[in-house]
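Be aware that the sequence shown starts at -17, since it is given in this note's numbering, and climbs by one per residue.
Every residue gets a Cβ at the ideal spot worked out from N, C-alpha and C, and that includes glycine.
This report refers to the structure that appears directly beneath it.
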Amino acid sequence: MRKWIVRFVSLYLFNLVVLWLIGLLLASVSVGWAAFWAAIVLTAATLWIKPFITRWFRGMAARSAHQRTKIGEKLTQYVLVLLVAAIVWVLVVVLTSVRVEGWFWGWVLPPIALLIAWAIYDAIDDRVEAHAGVVYDSAAAKLGRTPKVGGTTDASTSPKPGADASARRELKDGLTDEQRRMLDELG
-17 MRKWIVRFVS
-7 LYLFNLVVLW
3 LIGLLLASVS
13 VGWAAFWAAI
23 VLTAATLWIK
33 PFITRWFRGM
43 AARSAHQRTK
53 IGEKLTQYVL
63 VLLVAAIVWV
73 LVVVLTSVRV
83 EGWFWGWVLP
93 PIALLIAWAI
103 YDAIDDRVEA
113 HAGVVYDSAA
123 AKLGRTPKVG
133 GTTDASTSPK
143 PGADASARRE
153 LKDGLTDEQR
163 RMLDELG
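What follows is the structure, encoded as structure tokens:
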């Protein structure tokens, strides 16, 4: 659950910024306060609908892939990704109060901006989600909830005195103290 919350919140904040930038840079797109709801729709569409649509289109395109050249296949892949971005953008506009005017500035350019944003997020998502995870863990600690590591939070998982030294020895040769004792007894 923690993973999904962290992923959703970090992508939501990123999408909120992207939608505000689209609204600022493109005069034909009016986002305003609708960006808060539109970012939820965009995040949900990106996490759950986009992978489904992408798999469906790739499956359809794979049936005729043997008939295309390498350049034709790459062009087909790019068109499919743009088509997925356009579907996601239409969902955002239809399900929110984002207003668009003009077919090129309102319907063609924003999906291209989404593609660029997805590429940027793909490059930085590990770091963003790691930072969001740290924030989530610190908030959970302040609320008195300790994150479960390995499914347990009891005292048996707490480190024993001298565990640091044995951990360093284990990293050095890959053997635990018990394995090291067994080898010593053999030889």
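Determine the extent of the alpha helix (DSSP H) in which residue i is found, giving its start and end residues.
i, result
"Val90", "Careful: Val90 lies outside any alpha helix (DSSP H) and carries neither H nor E."
"Ala17", "Ala17 to Ala26"
"Thr158", "Here Thr158 belongs to no alpha helix (DSSP H), and DSSP marks it neither H nor E."
"Trp30", "Note, Trp30: premise wrong, no alpha helix (DSSP H); not H, not E."
"Arg(-16)", "Arg(-16) to Leu7"
Among the residues of its own chain, which have a CB less than 7 angstroms from the CB of residue i, if the five just before and after it don't count?
i, result
"Trp19", "Thr78"
"Val(-9)", "Ala114"
"Trp87", "Leu8 and Ser10"
"Arg50", "Thr58"
Excluding five sequence neighbours on each side, which residues of the same chain lie with their C-beta closer than 6 angstroms to the C-beta of residue i?
i, result
"Thr134", "The predicted model places Thr134 with a pLDDT of 42, which falls under 50 and marks its position as unreliable, so this point remains unresolved."
"Leu1", "Val13, Ala17, Ala20 and Ala21"
Cβ atoms of residue j and residue i: under 9 angstroms apart, would you say?
i, j, result
"Leu64", "Leu97", "yes"
"Tyr(-6)", "Ala21", "yes"
"Trp89", "Ala68", "yes"
"Arg(-16)", "Leu29", "no"
"Ala123", "Asn(-3)", "no"
"Leu73", "Val23", "yes"
"Leu62", "Arg40", "yes"
Find the nearest neighbour of residue i within the set the options, judged by alpha-carbon distance.
i, options, result
"Thr25", "Val82, Ala44, Tyr103 and Gly84", "Tyr103"
"Ser10", "Lys124, Val80 and Tyr118", "Val80"
"Ile31", "Val70, Lys52 and Trp2", "Val70"
"Ile4", "Tyr118, Ala95, Ile53 and Trp100", "Ala95"
"Ala101", "Val82, Tyr60 and Leu168", "Tyr60"
"Pro33", "Val(-1), Asp166, Val66 and Met42", "Val66"
Check whether chain D comes within 9 angstroms of residue i, counting only Cβ atoms and requiring the distance to be less than that.
i, result
"Lys52", "The displayed structure is made up of one protein chain only, and chain D is not part of it."
By Cβ distance, which residues of its chain are closer than 8 angstroms to residue i, with the 5 residues on each side in sequence left out?
i, result
"Ile(-13)", "Tyr118"
"Val110", "Ser(-8), Phe(-4) and Tyr103"
"Ala112", "none"
In chain order, each alpha helix (DSSP H) run of at least 4 residues that lies wholly inside the stretch 60 to 117: none
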